[in-house]
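Each remark here refers to the structure printed beneath this line.
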Amino acid sequence: MSVAKPLPHDAAPLHVAGTARYVDDIPVPAGCLHLAFGMSPVAKGRVTSVDLDAVRAMPGVVAVLTAGDLPHANDVSPSAHDEPLLSDGTVHYLGQPVFVVAATSHLAARKAARAGTIDVAEETPILTVDEALAANSRFEGGPVVWTKGDPEAALEAAPHRLTGSVKIGGQEHFYLEGQAALALPQEGGDMVVHSSTQHPTEIQHKVAEAIGTPMNAVRVETRRMGGGFGGKESQGNALACACAVVASLTGKPVKMRYDRDDDMVITGKRHDFRIDYSVGYDSEGRLLAVDFTQYARCGWAQDLSLPVADRAMLHADNAYRLDAVRITSHRLKTNTQSATAYRGFGGPQGMVGIERVMDHVARVLGKDPAEVRRLNYYAEARAEGADASGGRFSAKVKGEPGKKLETGDLASRGAVEVESGPSGSRRYGGAYSPKPQGGNTTPYGMEVTDFILGDMTERLMETSGYAARRAAVAEWNEGNRLLKKGIAFSPVKFGISFTLSHLNQAGALVHVYQDGSIHLNHGGTEMGQGLNQKVAQVAASRFGVPLEWVKITATDTGKVPNTSATAASSGSDLNGMAAKAACDQIRDRMAECLAGLFQGKPSDVVFEGGEVRVGGEAMPFARAAQLAYENRVSLSATGYYRTPGLSWDRVKGAGTPFFYFAYGCAVTEVVIDTLTGENRILRADLLHDCGTSLNPALDIGQIEGGYVQGAGWLTTEELVWDDTGRLRTHAPSTYKIPACSDRPDVFNVALWDAPNRSETIYRSKAGGEPPFMLGISAWLALSDACAACGPGWPDLRAPATAEAVLAAVKRARG
Amino acid sequence: MKTTLTVNGRSHQVEHDARRTLLDTIRDDLGLPGTKKGCDHGQCGACTILLNGERVNSCLCLTAMHDGDDITTIEGIGSPDRLSALQKAFVEKDGYQCGYCTPGQIMSATAMLREVSEGAPSYVSGDLDGAALTDAEMAERMSGNLCRCSAYPLIREAILMASEAET
Ligand code: FES
Ligand code: FES
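Just so you know, the protein sequences line up as chains H and X, in that order. 1 is the number of the first residue of the first sequence in my numbering; add one for each residue after it. 1 is the number of the first residue of the second sequence in my numbering; add one for each residue after it.
Laid out in structure tokens, this is it:
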């Protein structure tokens with residue numbers, strides 16, 4: 001069995017020797033051209049003239065293109081066709097590509113791009129939440145509102161009430177490998193594109209539109225990415241399309257790689273949010289009513305903002321049962337980079353909202369915030385066994401295959417029907433909502449049947465020594481005037497599946513060769529999460545062979561078509577199942593053949609330990625493959641999988657958008673310097689649920705990395721735009737991501753080892769995104785430390801930079 | 001202009017623009033793409049090489065200033081079938097996720113271990129005559145190499161494993 005072993009990543013020796021290839025490392029054919037964009041110098045306006053003579057005169061320049069020179073579609077949007085590759089005569093953010101230069105070297109292209117003169121009749125940009133609200137600048141007609149119960153009446157009746165607001169910053173992906181693409185023109189106008197993308201099918205689709213061919217003329221290959229984190233779900237479209245267009249016009253190979261500053265200025269980031277809340281609660285801290293208003297700054301184009309904002313709403317409850325709740329979501333259009341997918345996809349922002357409420361309520365009541373959290377948990381799932389196989393789907397509705405989407409971009413998470421137009425609050429819920437008031441249901445009416453946080457919390461409280469350490473922190477704070485410590489617990493419940501139900505499908509292609517070696521291809525992309533390794537483990541275990549016999553090849557739209565983005569943490573769930581289906585077909589064919597040859601029953605043929613056993617006979621797997629081949633048995637198969645039981649109406653906010661939930665919890669201890677606001681994480685204890693882990697080593701790496709990245713988002717990573725809309729933090733010199741020294745001094749990570757109740761691949765659970773939100777505990781611990789400085793409500797914002805901590809300390813002191 | 005460099009034991013003469021960085025020379029002119037470009041600003045450490053034995057960010061070095069210098073890149077440390085002790089430790093401990101920072105981490109750690117063994121102090125050393133490789137020392141000494149995947153815990157374990165194997 002190769003499943004559930006702590007194995008290193010595939011390609012490990014290549015990585016440490018520097019021979020693992022990324023797009024920029026692929027040797028290019030002679031004559032390769034390089035591209036750079038000329039970008040808008042202002043945030044909003046009409047382009048009056050573009051003078052490119054100086055650009056054309058620069059050394060090495062071969063071609064300069066503006067929108068008018070594009071032969072076909074001028075669109076790189078993954079959703080609403082509102083994102084031109086090159087400006088259509090108006091500009092909507094500072095940094096928007098206006099023209100593209102093709103030159104003989106990367107440097108020549110970049111230098112030439114700087115020589116262009118773009119004149120713009122400037123208009124006042126809309127930059128902030130308040131400006132967007134005032135101008136009614138938004139996506140979708142008005143706010144989206146979901147309601148469960150009667151929040152107004154419950155608020156009115158509650159013995160205690162409070163209101164507040166929290167600002168949550170965005171986040172730059174800072175994938176260490178910047179965006180890159182390479183287009184290689186083929187005979188007859190066909191195109192091969194190497195792209196650093198989480199979504200090869202999307203690249204294929206956009207490139208085909210850009211060069212005016214059907215999708216079958218474009219093949220996209222992605223071997224690996226140097227990090228993605230959501231930033232390569234749609235943001236690679238521009239580079240791939242630009243390369244393909246220039247390649248088809250010139251017949252030359254074309255490469256584009258953003259310089260780091262350009263990358264940060266051009267590409268979208270995590271959505272920043274403001275969340276206002278008003279809460280009714282009892283004197284124990286039980287929430288009786290919650291009214292959230294979420295304001296998401298989406299930037300200039302729609303991109304994936306609607307499903308991101310949806311997911312923020314879907315996680316506004318986190319782990320807590322709310323019986324009277326209203327969530328209002330404003331998707332605001334601003335003259336900034338088009339905010340995009342980022343690990344958690346809006347979930348983290350929604351979760352920070354409710355965790356902030358828990359913190360606020362506990363502070364006002366003078367209670368341990370961890371106790372207030374537990375008090376509000378969903379009911380624990382019944383003991384394992386009674387409900388062991390995800391039975392909750394039996395009663396649920398099936399998908400709606402008949403419903404077609406208008407947009408041609410079906411494989412994108414942005415593919416939703418949109419209505420835009422005058423504002424006007426549309427209210428759903430109330431009469432439209434399902435009626436499960438009071439049941440163990442989420443605000444969108446899905447029953448929570450697999451809740452395990454009660455037990456997990458119990459365990460973590462014990463292993464982390466929470467109670468004793470909380471007392472010790474309080475005592476330490478008594479004796480220290482300048483330094484203050486803080487400790488906090490926070491849980492995570494994260495829904496797994498794409499909320500656009502039809503994306504929950506995957507394919508795989510498996511070949512067994514006559515020497516017994518196995519070639520495996522699936523639709524997911526590798527960005528460091530170890531997906532290839534996990535899927536290969538599945539294949540090796542189906543054939544009962546050592547992992548080394550399975551070769552995983554680059555993701556290729558010519559091998560597995562119509563793939564979804566490797567996103568929503570779904571990679572191994574979907575592709576693992578598809579690979580299993582493919583392997584099982586071949587295995588069954590081999591078993592039938594061998595059973596015939598050796599007088600056994602197909603069902604008795606055993607594949608194990610590199611051998612195949614049948615009717616008392618044992619032979620190496622390679623021999624079995626050879627026999628099957630000689631007996632004319634097909635040793636190639638495609639596998640397909642779709643997640644069962646999903647149905648979701650995003651407009652009403654009702655249904656079963658998720659296959660299951662992944663859980664986790666964390667305790668973090670921090671110390672702050674009250675004179676400077678500087679702070680550090682002293683200790684973190686994490687307990688995370690990966691179901692029956694397919695690969696504990698990879699999962700633990702994801703959990704640690706997710707926590708650190710989540711804590712970075714809420715502490716040091718601050719994006720600053722000035723009042724002209726210029727992003728001032730456009731390099732690692734001004735944007736601080738966690739370094740080796742920012743890792744907690746004591747870092748205990750454990751897996752909660754219990755099988756997934758839903759039927760996933762070997763009962764594992766997805767682990768890409770959920771641990772990111774464990775980082776929220778670091779922010780809460782900082783809030784706790786600030787609160788130790790005085791009786792006031794510290795009202796800590798996110799990110800809690802040293803400056804923000806200092807301001808919070810002042811507020812606490814009153 | 002022309003510059004002569006010894007890279008991984010082999011002498012090369014390169015023709016280049018006066019402002020060419022060593023990083024671009026190594027990647028594009030010498031065809032050694034193991035050294036990565038993360039920021040091109042001296043901020044991430046992905047481009048770390050050994051210059052006459054010392055670790056430097058090659059994106060901050062001008063090729064023109066290094067005539068006659070001796071350079072080691074990740075390709076000169078070991079190959080997939082002949083890995084150095086540190087490279088083996090990174091495989092063993094799974095000291096990376098996406099792998100993009102890995103060559104830089106390994107180059108940097110290779111030099112760092114030598115610096116420690118030679119008694120060079122760091123900003124956090126209590127004693128100017130050097131220090132043992134504590135956790136705090138390692139965090140400080142490796143803080144110039146960013147890893148966005150935050151594989152830091154395992155990177156540190158890998159380095160520790162290699163340093164223990166050495167001593
Ligand atoms: S590329 Fe040289 S330090 Fe980042
Ligand atoms: S492993 Fe991805 S940046 Fe370090």
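Here a beta-carbon is modelled for each residue, glycine too, at the ideal position from N, C-alpha and C.
Cβ-based contacts, 9 Å cut-off: residues of the stretch 516-529 of chain H near chain X: E526, M527, G528 and Q529
Below-7 Å beta-carbon distance, H/C740 vs any chain X residue: Mapped onto the first sequence, residue 740 of chain H falls at position 740. For H/C740, the answer is yes, since a Cβ of chain X falls inside 7 Å of its Cβ.
Buried or exposed by the 16-neighbour rule on C-beta atoms within 10 Å, applied to H/K493: Counting from 1 along the first sequence, the entry for residue 493 of chain H is found at position 493. Counting Cβ neighbours within 10 Å, H/K493 comes out buried, since at least 16 surround it.
Proximity test, Cβ basis, 7 Å: H/L806 and chain X: Here the question's residue 806 of chain H lines up with position 806 in the first sequence. Judged by the 7 Å Cβ criterion, H/L806 is not in contact with chain X.
Proximity test, H/A711 beta-carbon vs ligand 1 heavy atom, cut-off 6 Å: Locating residue 711 of chain H in the first sequence gives position 711, where the first residue counts as 1. No.
Nearest-angstrom Cα separation, counted from H/R728 out to H/A798: Position 798 of the first sequence holds residue 798 of chain H. Position 728 of the first sequence holds residue 728 of chain H. The alpha-carbon atoms of H/A798 and H/R728 are separated by roughly 18 Å.
Check: H/L686 C-beta below 6 Å from any heavy atom of ligand 2: As a working mapping, residue 686 of chain H is identified with position 686 in the first sequence. Checking every heavy atom of ligand 2 against the Cβ of H/L686, none is found closer than 6 Å.
Residue-chain proximity (X/S150, chain H), Cβ-Cβ < 7 Å: What you label residue 150 of chain X is simply residue 150 of the second sequence in a count that begins at 1. Taking Cβ atoms only, chain H reaches closer than 7 Å to X/S150, which makes this a yes.
CB contact below 7 Å: X/H41 versus chain H: The residue you call residue 41 of chain X lines up with position 41 of the second sequence. Chain H, which has a Cβ nearer than 7 Å to the Cβ of X/H41, makes this yes.
The stretch 45-55 of chain H in contact with the stretch 248-257 of chain H per 3-pair CB rule at 8 Å: no
Inter-residue CB distance, H/D75 and H/E209 (contact presumed, cutoff 8 Å): To locate residue 75 of chain H, count along the first sequence from 1; it is residue 75. To locate residue 209 of chain H, count along the first sequence from 1; it is residue 209. Sure, about 7 Å apart at Cβ, within 8 Å.
Limits of the alpha helix (DSSP H) - the one that H/Q514 falls within: Walking along the first sequence from the start, residue 514 of chain H turns up at place 514. Looking at the DSSP string, H/Q514 is not in any alpha helix (DSSP H), and its letter there is neither H nor E.
Between the CA atoms of H/E769 and H/S693 - distance to the nearest angstrom: Against the first sequence, residue 693 of chain H aligns to sequence position 693. Against the first sequence, residue 769 of chain H aligns to sequence position 769. Computed Cα separation, rounded: 15 Å.
Beta-carbon gap between H/P185 and H/P29 smaller than 7 Å: Locating residue 185 of chain H in the first sequence gives position 185, where the first residue counts as 1. Locating residue 29 of chain H in the first sequence gives position 29, where the first residue counts as 1. Cβ atoms of H/P185 and H/P29: not closer than 7 Å.
Closer than 7 Å to chain X by CB, H/F393: On the first sequence, residue 393 of chain H is found 393 positions in, with the first residue counted as 1. The predicted model places H/F393 with a pLDDT of 23, which falls under 50 and marks its position as unreliable, so this point remains unresolved.
Near-chain X residues of the stretch 700-711 of chain H - C-beta to any C-beta below 7 Å: G701, E704, G705, V708 and Q709
X/E75 at chain H interface by Cβ criterion, 7 Å: Start at 1 with the first residue of the second sequence, and residue 75 of chain X comes out as number 75. Yes, because at least one Cβ of chain H sits closer than 7 Å to the Cβ of X/E75.
Rounded straight-line distance, which links the Cα of H/V364 to that of H/A823: Only positions 1 to 814 of chain H appear in the structure, and residue 823 of chain H is not among them; the question remains open.
Proximal residues to H/G60 (C-beta, below 8 Å), its chain only, five neighbours per side dropped: If you number the first sequence from 1, residue 60 of chain H lands on position 60. For H/G60, where only same-chain residues beyond five positions count, the Cβ hits under 8 Å are A103, T104, S105, A108, A109 and A112.
Element boundaries [beta strand (DSSP E), containing H/S636]: Here residue 636 of chain H is taken as the residue at index 636 of the first sequence, counted from 1. Its beta strand (DSSP E) spans residues S636 to R642.
Buried or exposed by the 16-neighbour rule on C-beta atoms within 10 Å, applied to H/S234: As a first step, residue 234 of chain H must be located in the first sequence, where it is residue number 234. Looking at its Cβ environment, which holds 16 or more other Cβ atoms inside 10 Å, H/S234 is buried.
When H/D310, H/D368 and H/A379 are compared against H/A467, the one with the closest alpha-carbon: Within the first sequence, residue 467 of chain H is the residue found at index 467, counting from 1. Of the candidates H/D310, H/D368 and H/A379, the one whose C-alpha sits nearest the C-alpha of H/A467 is H/D368.
Any C-beta of chain H under 7 Å from that of X/C44: In the second sequence, the residue the question calls residue 44 of chain X occupies position 44. X/C44 counts as touching chain H.
Beta bridge counterpart(s) of H/T48 as assigned by DSSP: Locating residue 48 of chain H in the first sequence gives position 48, counting from the first residue. In the DSSP output, where bridge partners are listed per residue, H/T48 has none listed.
CA-to-CA distance, H/A217 to H/N562, given in whole angstroms: The residue labelled residue 562 of chain H in the question sits at position 562 within the first sequence. The residue labelled residue 217 of chain H in the question sits at position 217 within the first sequence. Those two C-alpha atoms are separated by around 14 Å.
H/I737: contacting residues in chain X (beta-carbon distance under 8 Å): Here the question's residue 737 of chain H lines up with position 737 in the first sequence. The contacting residues are L146 and R148.
Burial state of H/E419, where buried means 16 or more other Cβ atoms lie within 10 Å: In the first sequence, residue 419 of chain H corresponds to position 419, counting from 1. Residue confidence is low: H/E419 scores 31 on pLDDT, short of 50, so the model does not pin down where it sits. No coordinate-derived value is stated.
Classification of H/V720 by the beta-carbon crowding that lies within 10 angstroms, buried from 16 upward: If you number the first sequence from 1, residue 720 of chain H lands on position 720. When all chains shown are included, H/V720 counts as exposed.
Close Cβ partners of H/L288 (< 7 Å) along its chain, the five nearest in sequence each way excluded: What you label residue 288 of chain H is simply residue 288 of the first sequence in a count that begins at 1. Closer than 7 Å at the Cβ level, and outside the excluded window around H/L288, lie A154, A158, G280, Y281, D282 and A324.
H/P27 burial status per 10 Å Cβ neighbour count (16 or more: buried): On the first sequence, residue 27 of chain H is found 27 positions in, with the first residue counted as 1. Exposed is the call here.
Test: H/P696 CB closer than 7 Å to a CB of chain X: Numbered from its first residue, the first sequence carries residue 696 of chain H at position 696. It does not: the Cβ of H/P696 has no partner Cβ on chain X nearer than 7 Å.
Exposure of X/Q87, with buried meaning 16 or more beta-carbon neighbours within 10 Å: Start at 1 with the first residue of the second sequence, and residue 87 of chain X comes out as number 87. Classification of X/Q87: buried, given that the 10 Å Cβ count is 16 or more.
Buried versus exposed call for H/E717 [16 or more other C-beta atoms within 10 Å across all chains shown]: As a first step, residue 717 of chain H must be located in the first sequence, where it is residue number 717. Its Cβ being crowded by 16 or more others within 10 Å, H/E717 is buried.
Residues near X/R102 by beta carbon distance below 6 Å, same chain, minus five either side: As a position in the second sequence, residue 102 of chain X is number 102, starting the count at 1. Position check: residue 102 of chain X holds Thr in this sequence, whereas Arg was assumed. So the list reads Y96, once near-sequence residues are dropped.
Collapsed DSSP secondary structure at H/Y171 in the structure displayed: Within the first sequence, residue 171 of chain H is the residue found at index 171, counting from 1. For clarity, residue 171 of chain H is Gln in the given sequence; the question names Tyr instead. Strand.
Close-in-space but distant-in-sequence residues of the same chain around H/C593 (CB under 8 Å, 5 per side omitted): Locating residue 593 of chain H in the first sequence gives position 593, where the first residue counts as 1. So the list reads L627, A628, N631 and V633, once near-sequence residues are dropped.
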